[in-house]
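Novice: For reference, the structure I am asking about is given below.
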Amino acid sequence: MERLRSIIRPVASVPLARHLVVALVAFVVAMAVIGSSSQYLQTRYAEMAYFAIAAGGLTLLTGLSGQLSLGHGALMAVGAYAATLVLERTGGETLADVFVALLVAIAVCAVVGVVVGVPAARLHGPYIAGATLTLAVAVPRLANQWEVFGGEQGLQVSVPRATDLPAWIQDLVWFFTAVEIDQYSFLAYLGWLLLAITFVALANLSRSRVGRRWRAVRDDDVSAELAGIHLGRARVVAFTVSAMAAGLAGGLMAMNVRLTAPGAFTITLSLTLLAAVVLGGLGSLTGALIGAGVLAFLPKFATDLGESVGLSATQAAEVTPVVYGLVLMLVILLAPAGIVGSLRTFLARSPLGSTKEKTT
Amino acid sequence: MPGTGHDVQASPLFAVEGVSVRFGGVRALEDVSLEVAPHEVLGVIGPNGAGKTTLFNVVCGFVSPAEGELRLRGEKIHALRPHQLAGHGIARTLQGLGLFERMTVLDNVMVGADRLARAGFVRGLLGIGHRDDARLAAKAREVLGELGIESYAARYPGSLPYPIRKKVALARALVAEPELLLLDEPASGLSAEEMTELGEIITGLTERTAVMLVEHHMDLVMSVCHRITVLDFGRVIAAGTPDEIRNDPAVLAAYLGDQVEHDDAAEVHALTVAEEA
Ligand SMILES: Nc1ncnc2c1ncn2[C@@H]1O[C@H](COP(=O)(O)OP(=O)(O)O)[C@@H](O)[C@H]1O
Ligand SMILES: [Mg+2]
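Take a look at the structure:
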């Protein structure tokens, strides 16, 4: 017991080690689940992964640095178009093409994040919401205007075929899951791998001096300033980090949907992401993951529900937004701190739980 | 006179020279000058609306003066932005405390120590800044310990009694190792006993920092300050040692002429009590 503790202690005290262990365990579990799922579910898991990446960035921005963004759907669009255009040039036949495309998506969104973040950092409350809303409205329009973006129809996205992947990856997947990798599981594994890496980075930031500065700026800007924190810089850094997460999410979304078109990135996407973050609990990465799960699986749940009460398939599909709105309203009414926030309060009150604050 | 064992040195650490501030028609400060020596406690008193908080706001860069300048260690400091203050060794507590309510007491104080942090963004992203963080945390705990509130480190400020909250705010300012500490009404809302303790704390602080103290409670001001500057309607009407101020007719007149305001009735009372003592 004492030995075990002496091994665990250094791991628990180093944020990187702690977050890596959690992420690794989560990724292995995710691989096992994905490997044994149907194609339909694999697609949902892949969707959950990219929604979670975007929601993770957004929850840090909103929950930690106290800035609201109604434009994260648009940032996903920027990432999606960037990745799509890169894949178009490179052919998108190898894993390297995929990573280059995603890196470019992240880089382009970092630039957009700074450009939008600098003026947004000066704004507060409804004004920053307005500024990011402009982004949400303008980006799909721009995509529609220019020839390179494929207009209304959008652009096809090419991704490598599972059989073209390096042999060691195919072997590794087979070794872990006892199932051959295919197009659907490949995208789900890729999504969850990147999700794990992103969440480790975001959790590290949140636990670090950077996250502490964000919280300080959120709680009391005058005191934060007196402590030597440059308010604008702290806000822009937060905005840029979350824009980069949105860019990665957008790139992954493009590869999953296989078509990048303006219609996928309406203001609804931005609002849905925000809803996922509120649902899970502002500032909580676990909450963002739960919220993303709801986003990915609720449509099917709602449709099933609709059909079970005797609606036609098309009618049932219309039910989704209503169910979504109801779930959100219920959470806001019953658990205003979000699912994770409320659980934490509940655990802290019960004699079983510890009062230790956690971020991840 | 408070005996700190420190000689108040002649060359000033900080100087305000001919500062004037106007808010529309209101002359909040008019040609105000004062000096703070290293390790000195300088009291700034005056009736409500005299311009004390405005003076602090000028020092902190929240308000830019129409005229005048500030000097730190003899050097002009030009239009310092608030976030640059900590780097220059100036810390301030706010009249309204301004604690970070959704952060623990320890995190509150660690933010105060931010200027001493070395781990930047990259180390934060990679999650390898924990050594640096541990150093800050140790420092924060040390200051909390000095003020006798280390046991509250893991608590959130909202759940703490007001006097403890005030100490948290003080710890957050102190942990930055300032050379000049601005305290805006640190005694408001404290009991007589707590005020005595505060007086001892402030006197003890002079070992490491100079203090500018804005305060309404005259007995505290008289007992801890080396020198006092009195403001009225934005002007300096008197400056000197506590003994000199106590017997200054202009000061008495300013306070007596201001009896209308509730807060100041207490001040007049305190002043006369201090005079009798
Ligand atoms: N931001 C401001 N805008 C307009 N008037 C102000 C502002 N801050 C202070 N004042 C005015 O300046 C004068 C000095 O105020 P203040 O410095 O708060 O006084 P004190 O702290 O001594 O009570 C008062 O008349 C006050 O109303
Ligand atoms: Mg005041």
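Just so you know, the protein sequences line up as chains A and B, in that order.
Quick note on numbering: the numbering used here labels position 233 of the first sequence as 233, and the sequence is numbered without any gaps.
Counting the second sequence from 1 gives a position; the numbering used here is that position plus 1000.
Using N, Cα and C, we set each Cβ at its ideal position, and we do this for glycine too.
1) Could you list which residues in chain A have their beta carbon closer than 8 Å to that of Arg-1102/B, in chain order?
2) Whose Cβ in chain C lies nearer than 7 Å to the Cβ of His-1130/B?
3) When DSSP builds the beta bridges, which residues end up paired with Ala-136/A?
4) Met-1110/B versus chain A: which residues are under 7 Å apart at the beta carbon?
5) Asp-1232/B bridges to which residues according to DSSP?
6) Do Ala-249/A and Tyr-45/A have their CB atoms nearer than 8 Å?
7) Taking only beta-carbon atoms, is Glu-225/A less than 8 Å away from chain B?
8) Using C-beta distances below 6 Å, list every residue in its chain close to Ala-55/A, excluding the 5 sequence neighbours before and after it, in chain order.
9) If we cut at 8 Å on Cβ distances, does Arg-1092/B have a partner in chain A?
10) Please state whether the Cβ-Cβ distance between Val-1044/B and Met-1195/B is less than 8 Å.
11) Taking the alpha-carbon of Val-323/A as reference, which of Ile-339/A, Gly-341/A, Pro-336/A and Leu-295/A has the nearest alpha-carbon?
12) Starting from the beta carbon of Leu-366/A, find every residue of chain B whose beta carbon is closer than 7 Å, and list them in chain order.
13) Kindly examine ligand 2 and report whether one of its heavy atoms sits closer than 7 Å to the Cβ of Lys-1052/B.
14) Against chain B, with Cβ distances strictly below 8 Å, would Arg-3/A count as a contact?
15) Look up Leu-1182/B in the DSSP assignment and say whether it is helix, strand or coil.
16) Could you give the first and the last residue of the continuous beta strand (DSSP E) run that contains Ile-1077/B?
17) Less than 8 Å between the C-beta atoms of Ala-203/A and Ala-216/A, yes or no?
18) Taking only beta carbons into account, state which residues of the segment 228–248 of chain A come closer than 8 Å to chain B, listed in chain order.
19) Of the residues Arg-1172/B, Ile-1201/B, Pro-1163/B and Leu-1198/B, which one's Cα is nearest the Cα of Gly-1189/B?
20) Cβ of Ala-1254/B within 7 Å of any heavy atom in ligand 1?
21) Among Leu-87/A, Thr-62/A and Arg-122/A, whose alpha-carbon lies nearest the alpha-carbon of Leu-231/A?
22) So which residues of chain B does Val-25/A contact, with C-beta pairs closer than 9 Å?
23) Using three-state DSSP, classify Gly-263/A as helix, strand or coil.
24) Assuming Val-143/A and Tyr-50/A make a contact with CB atoms under 8 Å, what is their CB distance in whole Å?
25) Does the segment 169–182 of chain A come within contact of the segment 4–24 of chain A, defined as at least 3 CB pairs closer than 8 Å?
26) Can you list the residues of chain A that Gln-1087/B reaches, using a CB-CB cut of under 7 Å?
27) Residues of the segment 88–109 of chain A in Cβ contact with chain B at a cutoff of 7 Å, in chain order, please.
28) Check each candidate in Gly-1145/B, Pro-1178/B, Glu-1101/B and Ala-1066/B and name the one with the smallest Cα separation from Leu-1116/B.
Specialist: This is what the structure gives:
1) As a working note, residue 1102/B is residue 102 in the second sequence. Among the residues of chain A, those whose CB is under 8 Å from the CB of Arg-1102/B are Arg-215, Arg-218 and Asp-219, following chain order.
2) Of the chains in the structure shown, none is chain C; the protein chains are A and B.
3) For the purposes of this step, residue 136/A is identified with residue 136 of the first sequence, where counting begins at 1. Ala-136/A is bridged by DSSP to nothing; it lacks a bridge partner.
4) As a working mapping, residue 1110/B is identified with position 110 in the second sequence. For the C-beta of Met-1110/B, the chain A residues within less than 7 Å are, from N- to C-terminus, Arg-212.
5) Locating residue 1232/B in the second sequence gives position 232, counting from the first residue. The partner list for Asp-1232/B (beta bridge, DSSP) reads Arg-1235/B.
6) Taking the first sequence and counting its residues from 1, the one referred to as residue 249/A is at position 249. Taking the first sequence and counting its residues from 1, the one referred to as residue 45/A is at position 45. No, Cβ-Cβ distance for Ala-249/A and Tyr-45/A is not below 8 Å.
7) Within the first sequence, numbered from 1, the residue matching residue 225/A stands at position 225. Yes - at least one Cβ of chain B is within 8 Å of the one on Glu-225/A.
8) Translated into the one-based positions of the first sequence, residue 55/A becomes position 55. Same-chain partners within the cutoff: Leu-273, Ala-276, Val-277, Ala-288, Gly-291 and Ala-292.
9) Locating residue 1092/B in the second sequence gives position 92, counting from the first residue. For Arg-1092/B, a Cβ of chain A is located within less than 8 Å of the residue's own Cβ.
10) In the second sequence, counting from the first residue as 1, residue 1044/B sits at position 44. In the second sequence, counting from the first residue as 1, residue 1195/B sits at position 195. Contact: no.
11) As a first step, residue 323/A must be located in the first sequence, where it is residue number 323. Closest option to Val-323/A, Cα to Cα, is Leu-295/A.
12) Residue 366/A cannot be examined here, being either before or after the span of chain A that is shown, 1 to 360.
13) As a first step, residue 1052/B must be located in the second sequence, where it is residue number 52. Checking every heavy atom of ligand 2 against the Cβ of Lys-1052/B, one is found closer than 7 Å.
14) The sequence position of residue 3/A within the first sequence is 3, counting from 1. Residue-level contact check: Arg-3/A does not touch chain B, since none of the beta carbons of chain B fall below 8 Å from its beta carbon.
15) Here residue 1182/B refers to the residue found at position 182 of the second sequence. Leu-1182/B falls in the strand class under three-state DSSP.
16) Locating residue 1077/B in the second sequence gives position 77, where the first residue counts as 1. Ile-1077/B -> beta strand (DSSP E) spans 1075–1077.
17) Locating residue 203/A in the first sequence gives position 203, where the first residue counts as 1. Locating residue 216/A in the first sequence gives position 216, where the first residue counts as 1. Taking 8 Å as the cut-off, the Cβ atoms of Ala-203/A and Ala-216/A do not count as close.
18) For the segment 228–248 of chain A, the beta-carbon criterion of a distance under 8 Å to any beta-carbon of chain B is satisfied by Gly-228, Ile-229, His-230, Leu-231 and Val-237.
19) For the purposes of this step, residue 1189/B is identified with residue 189 of the second sequence, where counting begins at 1. Comparing alpha-carbon positions, the option among Arg-1172/B, Ile-1201/B, Pro-1163/B and Leu-1198/B lying closest to Gly-1189/B turns out to be Pro-1163/B.
20) For this step, residue 1254/B is matched to residue 254 along the second sequence. No, since every heavy atom of ligand 1 falls outside the 7 Å radius drawn around the Cβ of Ala-1254/B.
21) In the first sequence, counting from the first residue as 1, residue 231/A sits at position 231. Nearest of Leu-87/A, Thr-62/A and Arg-122/A to Leu-231/A, Cα basis: Arg-122/A.
22) Within the first sequence, residue 25/A is the residue found at index 25, counting from 1. Neighbours of Val-25/A in chain B, taken as residues whose beta carbon is under 9 Å from its own, are absent, since the nearest beta carbon is some 16 Å off.
23) Looking up residue 263/A in the first sequence gives position 263. Three-state DSSP puts Gly-263/A in a helix.
24) Taking the first residue of the first sequence as 1, we reach residue 143/A at position 143. Taking the first residue of the first sequence as 1, we reach residue 50/A at position 50. One detail in the question is off: residue 143/A reads as Ala in this sequence, not Val. Rounded, the Cβ-Cβ distance is 18 Å, inconsistent with contact.
25) Contact fails: fewer than three Cβ-Cβ distances are below 8 Å.
26) The sequence position of residue 1087/B within the second sequence is 87, counting from 1. It is Gly, not Gln, that sits at residue 1087/B in the sequence shown. Gly-228, listed in chain order.
27) Cβ contacts with chain B: none found.
28) Taking the first residue of the second sequence as 1, we reach residue 1116/B at position 116. Comparing Cα positions, the closest option is Pro-1178/B.
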